[in-house]
Amino acid sequence: MREVLPGPARDAPGGVLMLPLDRPRPIITEAIIAAIRRQGIRVVLPRGWERYDARLIGSWLVVADLFTSAHPTGWLQFRVRTRIARLPAAVWLAAATFLAIRFPISLAGSGGLALFEIARGLWRTGPYLRSRIRDRAGATAGTAEPMERTPMPAEPEAVAP
């Protein structure tokens, strides 16, 4: 059964989505991770003391960390921080360098492929992911009783986790 995300989602500065907190944060985070997996994005859960709630594999060269926070009271902040995957980028750079020594024209093709992979990963972990979560959060209301929450101002302030 698909877990319903609380909604509607609201945009906040810095690429943050704010969702009403009608259940405990870990339950909503699990529902968000399940929704991300259904979109075809690979999710790696943390093993212990990592700061993130999940690591997302956007493409071969892009990874992202999912952060959630139950602040301000009554709201869940959802943020994805995207970065270049260091080891795959170093492997690509070494392979492209060695290939370019023998075949200089290959640098254009491998560079174009790397740019495509970076753009694809940034899109999958950025605008595409936020729009899918926003759509899922606005779909239908959950059956859970909403927790007591304080009213949220018109423009929510995003707080970095």
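Note that my numbering numbers the sequence shown so that position 142 is 218, with each residue one more than the last. Even glycine gets a Cβ: it sits at the ideal position worked out from N, Cα and C. Treat the numbers as computed from the prediction; the structure is a model and nothing was measured.
Any idea which residues DSSP pairs residue i with across the strands?
{"i": "T144", "result": "F154"}
{"i": "A88", "result": "V92"}
{"i": "G132", "result": "Here the sequence assigns Leu to residue 132, which means Gly is not the residue at that position. Note: L132 sits in a beta bridge opposite V119 and A140."}
{"i": "R159", "result": "V139"}
Buried or exposed: residue i, going by 16 or more other Cβ atoms within 10 Å of its Cβ?
{"i": "L169", "result": "exposed"}
{"i": "I177", "result": "exposed"}
{"i": "D129", "result": "buried"}
{"i": "L121", "result": "exposed"}
{"i": "G116", "result": "exposed"}
{"i": "W125", "result": "exposed"}
{"i": "L81", "result": "buried"}
{"i": "L191", "result": "exposed"}
{"i": "G185", "result": "exposed"}
{"i": "T216", "result": "Only weak support is given to the placement of T216: the predicted model assigns it a pLDDT of 47, under 50, and the question is left unresolved by the model."}
For residue i, which of helix, strand or coil comes out of DSSP?
{"i": "R114", "result": "helix"}
{"i": "R196", "result": "helix"}
{"i": "P82", "result": "coil"}
{"i": "L191", "result": "helix"}
{"i": "W168", "result": "helix"}
{"i": "E106", "result": "helix"}
{"i": "D211", "result": "helix"}
{"i": "R206", "result": "helix"}
{"i": "T216", "result": "Here T216 scores only 47 on pLDDT, less than 50, and its place in the model is too uncertain to base an answer on."}
{"i": "L97", "result": "coil"}
{"i": "G185", "result": "helix"}
{"i": "F174", "result": "helix"}
{"i": "T201", "result": "helix"}
Compare the Cα-Cα distances from residue i to each of the options and report the closest residue.
{"i": "A165", "options": "P89, G90 and I194", "result": "I194"}
{"i": "P203", "options": "W136, R155 and P84", "result": "R155"}
{"i": "L163", "options": "V138, R157, A184 and W151", "result": "V138"}
{"i": "S135", "options": "S145, R113, I160 and I209", "result": "I160"}
{"i": "I133", "options": "R157, Q153, D98 and R101", "result": "R157"}
{"i": "T201", "options": "G150, L142 and L97", "result": "L142"}
{"i": "D211", "options": "L95, P89 and G90", "result": "L95"}
{"i": "P100", "options": "L191, L183, T149 and S207", "result": "T149"}
{"i": "R208", "options": "A88, L93 and P89", "result": "L93"}
{"i": "A140", "options": "R86, D98, I112 and F174", "result": "I112"}
{"i": "A146", "options": "G90, I103 and A110", "result": "I103"}
{"i": "E79", "options": "A107, R127, S182 and L152", "result": "A107"}
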